[in-house]
Structure formats: C-alpha cells, structure tokens
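Numbering (this note's numbering), first residue to last: 20 to 427.
All residues carry an ideal CB built from backbone N, CA and C; glycine is no exception.
Since the structure is predicted, the reported quantities are computational estimates derived from the model, not experimental observations.
Following: one structure in structure tokens, then a few remarks.
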C-alpha cells in the first residue's frame, strides 16, 4: 500500500468536550470488556479452536488465519443505494507471531502522525491516514496506553477504474495492557468507528464503518498469540462488499508484523542514541578487524573517510559475511518518510532486539518530553526577542477555551 498519502488533518480542527472524551473512553472500555469475555470463552471453553461450521477461512499467512462468519443472525442493514443486505460481515483472525508481548505493543502503539507513518512502512496496513485528536497519550507509567481519534483510507482493487471508490473511516484507536480474568497480562488494540459534525465525507471516497478488537498474549518465550474479532459495514453491493472484506482481511493479517515493527523501532532508537553520542565524543577509529569473526577487513578503494564497513551502533568493523542489514524507517521534520539500509554487527543487533520494549518506550517518551520543553523555551525566547523596549507592554491574553479544554 502507498505510504506517502499521510496528511496533518483533512478536516481542519477537531475539539471535544470533556463529556465527549469521557464518552469515547467509555466506548473503548465497553468494547475491551465485551471482547475480552468472547476471548476468554474462545481460550478456555473452545480451547482456542475455531468452529469451522460457523467460520469460513478466507485468508492465511504463515501461522495466522482470517475467517468470515457464516449464516449469522445479526441485524440487517441497507447500503447507501437502499439495497438490502442480509447481514454485516464479521471477521475472526487467530494465530501466532514471533516476539514478545512488549515488542508487539511497541509496534502497535502509534498515537502521532510520525509514528503512524513508521508503523505503516513496516506493517503495510493502510493507505492514507491522519491523526485528528489525541485523547490519551503514552506516559512513563503506561507507555503503551493511547486513545486517539484518526482518519484512514484503504485502497480498494479497481478503484483506479472509477467503478468503485476507496473506503475511508473515522475511528477511535486505543491500545494498552490489561489483564485476563485470572490476572494474566495481555495487550489490546481497538479500532471503532465514530463520527463528528466536522468529519464530513471526502470526495471520491465512501465512508464505511468498523468495530475491531484484538488481543495479544505471551504463550511461550518469543511467541505471542493473536486474536482479533471485527464487524464491518462496507457500504455497497455484494461485489463491492467482497472487495472491501478481502481488503480488511489483509489488514488483519498485518498483525504478524507488529513484533517486527517494535523491534525495528528499538533499532532506530538505538541508532539515534549512538549518533547523538558520537556527535559529542566523536566516532572511534576502530582497527580493521571484524568484531564478529576477527577476520582482517581491508579498506576498499574509494572508501577512505567512510564507515560503510562499520556497525552503526558500536562502530566496530564488520566483514561482508558477518554484516547484518535492516531497512529502517525515519520521519523527518517535513513529515516525509525515509527508509535506508543500516548495517549492524550480530552482538549489537541481538542485544538491541532483545532489549525490554517497555524501557525503550519510556526512554522515547522522556526524550519527546525534553524535546517538547526545549521547543517551548525556544518559542518563548523568540517571542520575547521580537518585543522592542519602546513597545508598550501587551495585555496578557485570555486562554482560549474550546469544549472544556484550555488551549494556551
């Protein structure tokens, strides 16, 4: 899917009252609690076995499978053309993914436009997106907890022909850690359609609806179980509905890449830390011996002054055989995504990937807080520097109040 159609906000400003925000949190909590009951039943009563009389397999990838419910008795609906649709499609995705629960949650959480772009580059789960409003942001106590109102668009096959339009969604996305009824830690991920007067329909898109909740559970060292249920209203006739359902099923399979996304985030964070340190103390000039196999590495012609043979974390030399490369994603100040291959030695790669994702997330949050404070100080200094000593003192501005929030 395309990763460059990310925007600040296609709807302008969106502000919620304290009551509206509280209602959103109530919706999220209700979805998590209700879905958790179904998940517990699937895990304990059904022994994590899918009833194939009820569910039809429609897509699989590696150890994860997506099913659609057959012959359900849910409420019928009408599409925008008034055509009668027997039922709304319900999806179930179950399987496993390599990694830790914390790696998965680090890959899942994406409360900002920058983190959405990075996640999409690794996970390939959506086509275009925007953050409309942050309700809860990750913090030191709960680094994976977020509640965000977003817009996203999913490309539909044949949309370029004009026969069908892409589907877009206004939704609240929530992530976090909760517990099962017997006290076991599990991660959750909610995407639930909402609507506001400001979030009008966009040209050449059809506004669809969804309600999805996923749970992630550590079942063995380096193995996480995935359980996702969802109901959706694709809006359209049977042929279009089939395209939308297939598209959403592919999006559900993207959960396989969440842990990988979290691990790549850890590598990118370690890379930034090493780069910042090297700017202060300078990068070392290592001996031309591979830090992994101890083989002498000759300098290539035209490579003087470069460090293409060095691990970008420890700056030790690595031979072509031992060099490990990973494609990492970065978002610049202009919000453009950049991807580049970065070389690591085996020790640095292994140590970084195995690092506690909670600690990495907390360090990232502390860094963001420091950067935000520094930015505010620079802004205040800039404002003060533009005031001439001959100018009369300005009256203090009243804080702007918008739906219960004070905006300074």
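Asked: Cα-Cα separation between residue 133 and residue 354, rounded to whole angstroms; Found: 7 Å
Asked: Segment contact, 8 Å Cβ cut-off, at least three pairs: the region 239 to 258 with the region 114 to 127; Found: yes
Asked: Residue span of the alpha helix (DSSP H) that contains residue 133, given as start and end; Found: 132 to 142
Asked: Own chain residues within Cβ distance below 7 Å of residue 54, not counting five before or after; Found: 232, 248
Asked: Limits of the alpha helix (DSSP H) - the one that residue 260 falls within; Found: 257 to 271
Asked: Cβ contact check for the region 252 to 260 and the region 215 to 224: 3 or more pairs under 8 Å; Found: no
Asked: Cα-Cα separation, residue 145 to residue 30; Found: 19 Å
Asked: Close Cβ partners of residue 223 (< 6 Å) along its chain, the five nearest in sequence each way excluded; Found: 184
Asked: Close-in-space but distant-in-sequence residues of the same chain around residue 73 (CB under 7 Å, 5 per side omitted); Found: 88, 89
Asked: Close Cβ partners of residue 423 (< 6 Å) along its chain, the five nearest in sequence each way excluded; Found: Only weak support exists for where residue 423 lies, its pLDDT of 24 falling under 50; the value from the coordinates is given anyway. Cβ neighbours of residue 423 beyond the five flanking positions: 36, 37.
Asked: Cβ-Cβ distance between residue 189 and residue 235 below 8 Å; Found: no
Asked: Classification of residue 92 by the beta-carbon crowding that lies within 10 angstroms, buried from 16 upward; Found: Low confidence applies here, because residue 92 scores a pLDDT of 47, under 50, leaving its location unreliable and the question unanswered by this model.
Asked: Beta-ladder partner(s) of residue 84, from DSSP; Found: 79, 113
Asked: Residue range of the unbroken beta strand (DSSP E) whose run includes residue 185; Found: 185 to 198
Asked: In DSSP terms, what residue 276 is bridged to; Found: Partner(s): none; residue 276 has no beta bridge.
Asked: Contact check, residue 267 vs residue 196, beta carbons under 8 Å; Found: no
Asked: CB-CB length for residue 303 against residue 349, believed under 8 Å; Found: The pair is not a contact, with the Cβ atoms about 24 Å apart (cut-off 8 Å).
Asked: Selected residue, minimal CA-CA separation from residue 245, among 261, 271, 265, 342; Found: 271
Asked: Exposure of residue 260, with buried meaning 16 or more beta-carbon neighbours within 10 Å; Found: buried
Asked: Stretch-stretch touch, CB-based, cutoff 8 Å, three pairs: the region 374 to 389 with the region 160 to 174; Found: yes
Asked: Range of the contiguous alpha helix (DSSP H) that encloses residue 52; Found: 37 to 59
Asked: Residues sharing a beta bridge with residue 74, DSSP; Found: 88
Asked: Counted within 10 angstroms of its Cβ, other Cβ atoms place residue 114 as buried (16 or more) or exposed; Found: buried
Asked: Distance CB(residue 330)-CB(residue 142) smaller than 8 Å; Found: no
Asked: Rounded separation between residue 373 and residue 61 - CA only; Found: 31 Å
Asked: Proximity below 8 Å, CB of residue 212 to CB of residue 50; Found: no
Asked: Buried versus exposed, by CB contacts within 10 Å (16 or more), residue 383; Found: buried
Asked: Cβ shell of residue 284 (< 6 Å), same chain only, five flanking positions each side left out; Found: 125
Asked: Assigned secondary structure, residue 346 (DSSP; H/G/I helix, E/B strand, else coil); Found: strand
Asked: Pick from 341, 226, 32 that is closest to residue 312, judged by C-alpha positions; Found: 341
Asked: Neighbour-count burial assignment, residue 398, 16 or more Cβ in a 10 Å radius; Found: Note that residue 398 scores 47 on pLDDT, short of 50, meaning its location in the model is unreliable; the coordinates nonetheless yield the value given after this. Answer is exposed; the Cβ neighbour count stays below 16.
Asked: Extent of the continuous beta strand (DSSP E) to which residue 152 belongs; Found: 147 to 155
Asked: Residues that residue 358 bridges to, as DSSP identifies them; Found: 348
Asked: Residue 361 versus 39, 297, 289, residue with shortest Cα-Cα distance; Found: 289
Asked: Boundaries of the beta strand (DSSP E) in which residue 205 is found, first to last residue; Found: 204 to 212
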